[in-house]
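Remarks on the structure that follows.
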Amino acid sequence: MQYYDQHLHTYFSPDSKEEFENYLSQSELPVVTTEHIDFYSQNQSHDDVIPDYEGYSKKIAELNQKFNNRLLRGIEIGFTYADRDKIEQFLAGKDYDIKLLSIHHNGRHGFMTLNHDVKDLKTHLEEYFGLMLEAVRNAPYANVLAHFDFGLRGYDNVKVEDLQDSEELLLQIFETMVSNGQALELNTRSMYRYDNDHLYDYAIDLFKSVGGDMFTVSSDAHVAGDYQLGFEEAFNKLRNHGINKLVVFQKGIAHYVDIPQ
Ligand SMILES: [Zn+2]
Ligand SMILES: [Zn+2]
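Final position of the sequence shown in my numbering is 275; the numbers increase by one with none missing.
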């Protein structure tokens, strides 16, 4: 089995217009899209994002006929504790190859649209990683923690030392992931578009220090041009950290595969 990108969006996500074919045409590898589910609170003027599971399943079945069964099924779960039951109800009885776990908002505001003036970084990080710990504890069914630095994208020049202030929380998150059998995603969009590459060096070592050995490298592409964004660099980074295997998830089962040369 060969490694493939495990975080992609299509028009089945509200923030993408991309077609499956534009990913499929770029390689002979399996293609798995991970479409959004996000619930919002009443304080947020935002409609819930609920995937069209029927339409998605139908489309995947059609494409699998044409493309040699290369399509897998995925979902990106925007977790909030308040919505944990609704999320589980949605997932019940549905078949996904891979489930990503994300923390996109805190019930008041999204983490991409933070007002920098409102909160200092340290307070923000404690809140954000606190929500992440709650997520991994309450969503053991998820396979991968996506973009662990998502909540930092709204701040410029976050340093490793800033994360070290929250190291206790991060260790608890990573220990929980190891006991849940969850992988840590290297989100190349975060690394190379949001310049958080250096934060991943820290996270990889910290995850390893508690026994973590499951890693994915994914582009989080919303357009086909970002498919496998920066993969070479990310693969080299992992090798530099002494890691030689990645994991892919199929029917929720982790398979270790070599890092492509
Ligand atoms: Zn996301
Ligand atoms: Zn995504």
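Built from N, CA and C at the ideal position, the CB exists for glycine as well. The structure presented is a predicted model; accordingly, all values stated were derived computationally and were not measured.
Assigned secondary structure, residue i (DSSP; H/G/I helix, E/B strand, else coil)
i, result
"LEU135", "helix"
"GLY92", "strand"
"VAL174", "helix"
"ASN4", "Because the chain spans 15 through 275 in this model, residue 4 falls outside it and cannot be assessed."
"TYR155", "coil"
"LYS113", "strand"
"GLY225", "coil"
"LEU43", "coil"
"ASN194", "helix"
"ASN201", "strand"
"LEU85", "strand"
Near ligand 1: residue i beta-carbon under 7 Å from a heavy atom
i, result
"HIS269", "no"
"ALA164", "Here the sequence assigns Phe to residue 164, which means Ala is not the residue at that position. Yes, the Cβ of PHE164 comes within 7 Å of a heavy atom of ligand 1."
"SER116", "yes"
"HIS60", "no"
"ALA160", "yes"
Residue(s) in a DSSP beta bridge with residue i
i, result
"LYS80", "Beta-bridge pairing links LYS80 to no other residue."
"HIS50", "GLU90"
"ALA235", "LEU22"
"HIS269", "VAL262"
"HIS123", "According to DSSP, which records beta bridges pairwise, HIS123 is partnered with nothing at all."
"VAL63", "ASP52"
"LEU166", "LEU166 pairs with nothing; no bridge assigned."
Any non-hydrogen atom of ligand 2 closer than 7 Å to residue i Cβ
i, result
"THR47", "no"
Any C-beta of chain B under 8 Å from that of residue i
i, result
"TYR142", "The chain labelled as chain B is not found in the depicted structure, where only one protein chain is given."
Problem - Validate contact between the segment 144 to 163 and the segment 183 to 202 using beta carbons, cut 8 Å, 3 pairs - result: yes
Exercise for the section: Tell me, please, whether the segment 247 to 260 touches the segment 216 to 233 by the rule of three or more beta-carbon pairs shorter than 8 Å. Expected result: yes
Handout entry: Stretch-stretch touch, CB-based, cutoff 8 Å, three pairs: the segment 243 to 250 with the segment 36 to 53
Key = no
Exercise for the section: Could you tell me whether the segment 93 to 112 touches the segment 25 to 38, where touching means 3 or more Cβ pairs closer than 8 Å? Expected result: no
Practice task
Collect the residues with a C-beta less than 5 Å away from any heavy atom of ligand 2 and give them in sequence order along the chain.
Solution key: GLU90, ASP234
Handout entry: Sufficient close CB pairs (3 or more, under 8 Å) joining the segment 60 to 76 to the segment 237 to 246
Key = no
Exercise for the section: State whether the segment 172 to 186 contacts the segment 85 to 98, with contact taken as three or more CB pairs (one from each stretch) at a distance under 8 Å. Expected result: no
Exercise for the section: Count the CB pairs spanning the segment 139 to 146 and the segment 117 to 126 that are closer than 8 Å, and state whether there are at least three. Expected result: yes
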